[in-house]
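Quick note, the sequences are listed as chains G and X, same order. Residues in the first sequence are numbered consecutively from 44, following my numbering. Residues in the second sequence are numbered consecutively from 487, following my numbering. Cβ coordinates follow ideal geometry from the N, Cα and C atoms, glycine included. Computed from a predicted model, the values in this text were never measured in an experiment.
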Amino acid sequence: MQKVVWPLMAVALLAGCSDEEFRTTDIEEIMPPLAFSLTNDDGEPARAEEYLGKTTLVYFGYTQCPDVCPLTLARFASIFDELDDEERDDVQMLLISVDPNRDTPEVLKRYTDAFGPEFTGLTGDKEEIDALTNRYRIAYSFEEPNERGDYIVNHSSAVFAFNDEGQPRFLVRDPHSNQDVLADLRRVIDEG
Amino acid sequence: MANVLSKTTRTLVSALFGAAVLLGAASAQASDINVSNARLSLLPGDTPGAGYFELENAGDEAVMLTGADTEAFEAVEMHESSEHEGMAHMHSVENVEIEAGDTFSFAPRGHHLMFMERVAPLAVGDSVEVTLEFDGETLPVTFEVVSPTSL
């Protein structure tokens, strides 16, 4: 038994000392730093620099989405509940709307407030949003409106994590476990 | 003559029997469907809510869920979320067939009811009466209003 355990511990120690890998998807080398020029949920101009200083999670969605978007935000609300007060002060989540026609700052504010003080909504005109979705190489598309004028928006399901300097760190997809997300989140908070 | 009569009687009997079977099957439907864990995930303002539940078909025949209605919202649609290559998709669903003996879940990130434009304010803990529609039959179900953070 001991013969098996010691080499494993040695490997774990070596991995721990140098460059520990993220349990979710590492994006340090493949994504650019956080940068945007949008409108915040008070209707004021919002630039990425104003959001530095905290570990920042970024999700692209829309409020007329009853299932996946609220579930994703609720999932992160429950992960934030696992953090202690100090860690919690160092984290924020930005919902960037890809549906600015319906998601006015007022709508976004009411929506994100329902998930907790860590959540902020951002919107912008199509060019500003496209600049950002192109930067992070994600797509979104609109379905044809129904007879009521409602339409579905297909959007990226990923959540991007940046450190307190806006440097890209990891990316969360649906299959990643909450425990893995929490471990990676703590690691990035500890960097700051 | 006797022969003709008996043939008529047989036809009549089998027609009546057939009708009875049809009626029996139809009336057995709604009572053989068990719905449990019905929740309505409430979001603020005019943003739409989602309905989740488990539906068990305890009958001997397949049933077809064709829609839902409620007085609490202007419109209800059946939708399905899916994920493909990192993209979250949603599309509307016309009907869902549940085979005899099967259970079908309307669950987070899958099938759900989409409740649009609430008629009156709602709060977590309220109940909403929803009518599920099965091929002309209806089944009343009480949904509990919950927060999306509780799912």
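Excluding five sequence neighbours on each side, which residues of the same chain lie with their C-beta closer than 6 Å to the C-beta of residue i?
{"i": "G/V37", "result": "The structure shown does not extend to residue 37 of chain G, since chain G spans only 44 to 235, so no value can be given for it."}
{"i": "X/V429", "result": "Lying before the first or after the last residue shown, residue 429 of chain X is absent from chain X, which here runs from 487 to 637."}
{"i": "G/T99", "result": "Q135 and F205"}
{"i": "G/A132", "result": "The question names Ala, yet the displayed sequence has Asp at residue 132 of chain G. Around G/D132: no qualifying Cβ."}
{"i": "G/R78", "result": "Sequence check: residue 78 of chain G is Ala here, not Arg. Counting only Cβ-Cβ distances below 6 Å, and skipping sequence neighbours, we find A91."}
{"i": "G/I122", "result": "N221, V224 and L225"}
{"i": "G/D227", "result": "F65, R66, T67 and F213"}
{"i": "G/A120", "result": "F158 and G159"}
What in chain X is Cβ-close to residue i, meaning under 7 Å?
{"i": "G/R153", "result": "P530 and G531"}
Give the secondary structure of residue i by DSSP, where H, G and I count as helix, E and B as strand, and everything else as coil.
{"i": "X/S636", "result": "helix"}
{"i": "X/S517", "result": "helix"}
{"i": "X/E563", "result": "strand"}
{"i": "G/S200", "result": "coil"}
{"i": "G/P88", "result": "strand"}
{"i": "X/R525", "result": "strand"}
{"i": "G/Q107", "result": "coil"}
{"i": "G/A157", "result": "coil"}
{"i": "G/Y94", "result": "helix"}
{"i": "X/V605", "result": "coil"}
{"i": "G/L57", "result": "At G/L57, the pLDDT of 47 sits below 50, so the modelled position is not reliable and the matter cannot be decided from this model."}
{"i": "G/A174", "result": "helix"}
{"i": "G/L225", "result": "helix"}
{"i": "G/D146", "result": "coil"}
{"i": "G/L120", "result": "Before going further, note that residue 120 of chain G is Ala rather than Leu in the sequence given. Correct three-state label for G/A120: helix."}
{"i": "G/P113", "result": "helix"}
Got a sec? Which residues, its chain only, sit under 7 Å from residue i by beta carbon, not counting five neighbours each side?
{"i": "X/R465", "result": "Nothing about residue 465 of chain X can be reported from this structure: the residues present for chain X run from 487 to 637 only."}
{"i": "G/D217", "result": "S200"}
{"i": "X/E583", "result": "A548 and M550"}
Residue i touches chain G at which residues, Cβ-Cβ below 7 Å?
{"i": "X/P594", "result": "D110 and L114"}
{"i": "X/P634", "result": "P113, L114 and A117"}
{"i": "X/P669", "result": "Chain X is shown only over 487 to 637; residue 669 of chain X falls outside these bounds and no answer can be derived."}
{"i": "X/E569", "result": "S200 and D217"}
{"i": "X/M550", "result": "What X/M550 touches in chain G: nothing, since even the nearest Cβ is about 22 Å away."}
Among the options, which has the Cα closest to the Cα of residue i?
{"i": "X/H590", "options": "X/S517, X/L529, X/P634 and X/A548", "result": "For the record, residue 590 of chain X in the displayed sequence is Phe; it is not His. The residue with the shortest Cα to Cα distance from X/F590 is X/A548."}
{"i": "X/H575", "options": "G/D69, G/Y194, G/R178 and G/E130", "result": "G/Y194"}
{"i": "G/F185", "options": "X/M573, X/A561, X/A606 and X/N581", "result": "X/M573"}
{"i": "X/V610", "options": "X/A586, X/L637 and X/F592", "result": "X/L637"}
{"i": "X/T533", "options": "G/A157, G/H198, G/L126 and G/D85", "result": "G/A157"}
{"i": "X/F539", "options": "X/L608, X/G596, X/D621 and X/P607", "result": "X/G596"}
{"i": "G/K97", "options": "G/L137, G/Y105 and G/D69", "result": "G/L137"}
{"i": "G/P109", "options": "X/H565, X/L541, X/G545 and X/G553", "result": "X/H565"}
If you drop the 5 nearest sequence neighbours on each side, which residues of the same chain put their C-beta closer than 8 Å to that of residue i?
{"i": "X/G510", "result": "With a pLDDT of only 40 at X/G510, under the threshold of 50, the placement of this residue in the model should not be trusted, and no figure is reported."}
{"i": "X/K493", "result": "Bear in mind that a pLDDT of 49 at X/K493, under 50, signals an unreliable position, so the model cannot answer this."}
{"i": "G/A89", "result": "F79, S80, L81, T82, N83 and L165"}
Would the beta-carbon of residue i be found less than 7 Å away from any heavy atom of the ligand COA?
{"i": "X/S517", "result": "Judged by which ligands are present, the structure shown has none, so any question about the ligand COA falls away."}
If you count every other CB in all the chains shown that lies within 10 Å of the CB of residue i, and 16 or more means buried, which is it?
{"i": "G/E161", "result": "buried"}
{"i": "G/I73", "result": "exposed"}
{"i": "X/H570", "result": "exposed"}
{"i": "G/Q222", "result": "exposed"}
{"i": "G/K169", "result": "exposed"}
{"i": "X/H577", "result": "exposed"}
{"i": "G/N177", "result": "exposed"}
{"i": "G/T155", "result": "buried"}
What does residue i reach in chain G if we use C-beta pairs closer than 8 Å?
{"i": "X/L637", "result": "L114 and A117"}
So which residues on chain X does residue i lean against when the C-beta distance must stay under 9 Å?
{"i": "G/F158", "result": "P634 and T635"}
{"i": "G/D69", "result": "The contacting residues do not exist; G/D69 stays about 16 Å from chain X at best."}
{"i": "G/I172", "result": "None at all; the shortest Cβ gap to chain X is about 16 Å."}
Residues of chain X with CB under 8 Å from residue i, in chain order?
{"i": "G/D84", "result": "Going along chain X, no residue has its Cβ under 8 Å from G/D84, so there is no contact; the nearest lies around 12 Å."}
{"i": "G/N197", "result": "M573, A574, H575 and M576"}
{"i": "G/R216", "result": "G572"}
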